[in-house]
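**Student:**
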Amino acid sequence: MTYNYEEIKDIKLGATYTKKYTEFRVFAPNRKKIDLLITDDYRKIRKEKFSMVKTKFDIFYCKIDKDLDGFFYSYLVEDKYEVTDPYSKASSINSLMSAVVDFEKTNPKNFKKFAPKICENKAIIYELNVKDYTANKNSNVKYRGKFLGLCEENTKFKGHTTGLSHLKEMNVTHIQLLPVYDFISTFEENEKFFDDDNYNWGYDPELYFNVEGSYSTNPYKIKRRIYEFKEMVNKIHENGMNVVMDVVYNHTFKTIDSNLEVLAPNYYHRKNYDGNFSNGSGVGNELASEKAFVRKLIIDSLKHWVNEYDIDGFRFDLMALIDIDTIKIAIKELKKIKPYIIIYGEPWMGGESVLPIEKQILVGSQKSNGFAVFNDRFRNAIRGDNDGYSKGFIQGNFTLKNEIEIGISGSINFDEKRIGFADDASEVINYFACHDNLIYYDKLKISLTNHENIDSISRLGFAILFLSFGKPFIYEGTEFNNSKSNNSNSYNSSLDINGINWQDKIDNLDTFTYVKELIELRKNLEVFDLYKREDIKKVLTFVDGLEDFLIAYKINFKNKKIYLVFNALKNDYELDDITRNKIFNEQRELVKIFDKKGKINKRLNVSDIKKISKYSVNVYVGGKYYGL
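Residue numbers (my numbering): 107 to 734.
1) Closer than 6 Å by C-beta to F527: which residues in its own chain qualify, once you throw out the five before and the five after it? Chain order, please.
2) Pull up the DSSP beta-bridge partners for S722, would you.
3) Using 8 Å as the Cβ pair cut-off and three pairs as the minimum, do the stretch 545-553 and the stretch 350-360 touch?
4) For the beta strand (DSSP E) that contains H343, what are its first and last residues?
5) Go ahead and label N630 buried or exposed: buried means 16 or more other beta carbons lie within 10 angstroms of its beta carbon, across all protein chains shown.
6) Just list the residues that DSSP pairs K223 with in beta bridges.
7) Give a yes or no on contact between the stretch 187-194 and the stretch 322-333, applying the rule of three or more CB pairs nearer than 8 Å.
8) Any beta carbon of chain B sitting closer than 8 Å to that of V479?
9) V206 and T128: beta carbons closer than 8 Å?
10) Please report the Cβ distance between K497 and N508, rounded to the nearest whole angstrom; I am assuming they are in contact, meaning their Cβ atoms lie under 8 Å.
11) Can you tell me which of D352, A658 and K172 puts its alpha carbon nearest to the alpha carbon of H280?
12) Skipping 5 residues on each side, what residues in its chain have a beta carbon closer than 7 Å to that of I657?
13) Am I right that V465 and Y415 are in contact with their C-beta atoms under 8 Å? What's the rounded C-beta distance?
14) Which residues mark the beginning and the end of the beta strand (DSSP E) in which S451 is found?
15) Looking at C-beta atoms only, is the number of pairs between the stretch 578-585 and the stretch 482-500 that lie closer than 8 Å three or more?
16) Would S322 and F253 be called neighbours here (beta carbons separated by less than 8 Å)?
17) Taking DSSP as the reference, what is the three-state secondary structure of A205?
18) I'd like to check one pair, L142 with F130: are the Cβ atoms closer than 8 Å?
19) Should N588 go down as buried or exposed, given a rule of 16 or more other Cβ atoms within 10 Å for buried?
20) If we ignore side chains and look at the alpha-carbon of each, how far apart do F217 and K341 end up?
21) Beta carbon of Q282, beta carbon of R421: below 8 Å?
22) Measure how close the beta-carbons of F133 and F399 come, nearest whole angstrom, since I'm counting them as under 8 Å.
23) How big is the Cα-Cα spacing for S713 and K703?
24) Kindly give me the distance between the Cβ atoms of G451 and I467, rounded to whole angstroms, as I take these residues to be in contact under 8 Å.
25) Please report the Cβ distance between D429 and S395, rounded to the nearest whole angstrom; I am assuming they are in contact, meaning their Cβ atoms lie under 8 Å.
26) Who are R152's beta bridge partners in DSSP?
27) Taking 8 Å as the threshold (C-beta atoms), are L571 and V723 in contact?
28) If you run the structure through DSSP and keep just helix, strand and coil, what is M351?
29) Just verifying my parser: in three-state terms, what is the DSSP assignment at E233?
30) Please report how far the alpha carbon of R137 lies from the alpha carbon of V479, in whole angstroms.
31) Exposed or buried, L615, counting other C-beta atoms within 10 Å across all chains shown (16 or more means buried)?
32) Considering only residues of the stretch 356-411, which uninterrupted alpha helix (DSSP H) runs meet the minimum length of 4 residues and lie entirely inside it, listed in chain order?
33) Consider the C-beta atom of A436 and the heavy atoms of the ligand GDP; say whether any pair is separated by less than 7 Å.
34) Would you kindly work out how many angstroms separate the C-alpha atoms of E154 and N242, rounded to a whole number?
35) How long is the line joining the alpha carbons of N365 and Y374, rounded to whole angstroms?
36) Should D633 be labelled buried (16 or more other beta-carbon atoms within 10 Å of its own) or exposed?
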């Protein structure tokens, strides 16, 4: 039987709680018998059993006339298989049973009163893993590696901020959390939390509506993980930042033994023509988002995280596997709740899929559709390939100069020479590293035979990133040159590899300060908030005819003339009169506001600029008086 999304979109699935009764609904086509099992203790073998009635659209229904707050439940399928509810909004430890919750009892004080309404064109995104960020003892937080660890303020190590206070000091706008929904690849017990073999990023979804229990201080208590997650979101909001969730709707960790497949065989997952599971995710299966009840599961889940947890945005893993129609509907629905919500994802997949190519979200699919995609062209142009030895522009591959300039322009179709993939810069996530592949500093180390100038090269990459149009995105710890010992896929490595060591901040304080001041510069200049193609083309002018290692562009914005010059050469570059005139035209007086050491405020005559330092950015403002 086929279903129409418009007909079923408003049906409530899962457990709908009131103090007097709870209604249970589960979608189970081709199943003749479903029983509801209920218990006050998930460890009990004997559970109360209630027959469910099959209703319209193959939905089984049961109503229990009592207050079930805190009770556990599951579904018994044809007297053979016991499974959790795909719509579980709470669960026991390790997702053994679903749970009923009175969500009114889970809100921290002043919940939903602090969320800043940050326009997405002002976004500066910082990706982190909850466990990584505060697990090290030198984070000096009480609840190390937990949701509550990201709530603690004024934490320091050797006089310098850690955790949440570090994020606030950096002045980023959006915190993107690696998976915090319920995943199945770690044990949730506190006594196992710091075991080396009990680590996983969490790209192994189990219950899409449920909070991950391992990040709670007490995963045994149903409401505790919910409260603590809300408290973390609230505290991040209170400190002036929005929260983005990393979501994995492209596949499930389990396949034939998943609750989805048991309840609805051959429905939720795509199949190849030979009957085997399609594997566009690269990990065994992919969800059939184009089907009505799968689309509903995804959109209902997204809306739940926004409505119940006050989430401000979503990053879609392997977004190409989510059909474009589902994403369009989701964005429309989410923007009704939060007009400023931010949506972006990866415009690729992990293998071949049976999803028709015209339905896949690839580079270009984002045009005028209200979401952004990761800009891997710019990433590779800045620092080379993901895990190999190839070099980017900053390491000396100057053939990539044009690609860098395309990225600087926001990857729009800027002119005949600089042709990008976006209608406007709001569709672009600019980055040079994320949780996947080699971390930034490790990539620089393996691609450079001489490490003498590696810190300067690293800072040059940051300068290009933050002084470009589009949304800048950085990964935890890159701002102070942290390393994962060249581990290019640390998804299940120990905290020794993944965890943030705050000593790295002390050892690389100059780089951290430089990145912090770049963010300050970007915000103060304001021009990089522009995203419409016409507006960017009005204010931005590239200087053509320069050496391949030299990039210069001018910005004319709000009665200010801004001149930006990058030198990626390993030597200082001597400026002759012709080159100087190309860059600065008729300008005679300048204030230098930023260079390879960071923030500066120095008055200059153009004629005084004799050279451009090696591996440097130089930012000038026309006139006698200007300072940050």
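Backbone N, C-alpha and C fix where the C-beta goes; we use that ideal spot for every residue, glycine too.
**Tutor:** With the structure as the only source:
1) V469, G470 and S517
2) N673
3) no
4) H343 -> not in any beta strand (DSSP E); alpha helix (DSSP H) instead, spanning I328 to E344.
5) exposed
6) Answer is none; K223 lacks a bridge partner.
7) no
8) No chain B is present in this structure, which holds just one protein chain.
9) yes
10) Actually they do not touch by this definition, with Cβ atoms about 16 Å apart.
11) D352
12) K507, I510, E511 and F672
13) At residue 465 the sequence reads Lys, which differs from the Val that was named. No, K465 and Y415 are not in contact; Cβ-Cβ is about 29 Å, not under 8 Å.
14) Looking at the sequence shown, residue 451 is not Ser but Gly. Counting along the chain, the beta strand (DSSP E) containing G451 begins and ends at I448 to G451.
15) no
16) yes
17) strand
18) yes
19) buried
20) 9 Å
21) yes
22) 5 Å
23) 22 Å
24) 7 Å
25) 5 Å
26) BP columns for R152 are empty, so no partner.
27) no
28) strand
29) strand
30) 40 Å
31) exposed
32) 365-369
33) Ligands displayed in this structure: none; no statement on the ligand GDP is therefore possible.
34) 45 Å
35) 10 Å
36) Strictly speaking, residue 633 in this sequence is Val, with Asp absent from that position. By the neighbour-count rule (16 or more Cβ atoms within 10 Å), V633 is buried.
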